[in-house]
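Each residue of the sequence shown is one higher than the one before, starting from 1 at the first, in my numbering.
Beta carbons: idealized from backbone N, C-alpha and C, even for Gly.
Computed from a predicted model, the values in this text were never measured in an experiment.
This report concerns only the one structure given below.
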Amino acid sequence: MKEQNFCLFINATLSYIWPTSTGGIYNAYSSKIYPGGDYQGLGNMPYAVFIVRGYANHGTPEANWGDLFTTVLRGCIRLLPDQGKKFNLLARENRRRGVWATIKKGP
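This is how it looks when you write it as structure tokens:
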């Protein structure tokens, strides 16, 4: 789905809105080894925060930016690396309490 926003709330206050896109949810990878690639030593899924059943919110390496806002994704929520890093740090700092996100339609 195109034109989606990742809305990040901290303690019930909307704090960030970042463009994103999601695709169909299916298990593309059945092993515990995630797809290859590298982003500053962080692999192909930098700053990943795993949500449920192996699906994650993560930054996207520059080599994949062309696919970032299309529906080619495999169930994960992709963001630019600095946005993925921000979400990861907030989730860690708050031990996941008080930090949540939702995906909404919109430009």
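Comparing C-alpha positions only, which one of the options sits nearest to residue i?
i, options, result
"L80", "R92, L89, W65 and K105", "W65"
"N44", "K105, G84, A91 and N94", "G84"
"R117", "T13, F9, R95 and A101", "Nothing about residue 117 can be read from this structure; the chain reaches only from 1 to 107."
"A56", "E62, A63 and Y47", "Y47"
"Q4", "T20, S15 and L14", "T20"
"I51", "K104, A12 and N88", "N88"
Bridge partners of residue i, per DSSP?
i, result
"Y16", "L8"
"L79", "G59"
"I51", "None, per the DSSP bridge assignment."
"T102", "C7"
Determine the burial state of residue i: buried for a count of at least 16 other Cβ atoms within 10 Å of its Cβ, exposed for fewer.
i, result
"V99", "buried"
"R53", "exposed"
"L8", "buried"
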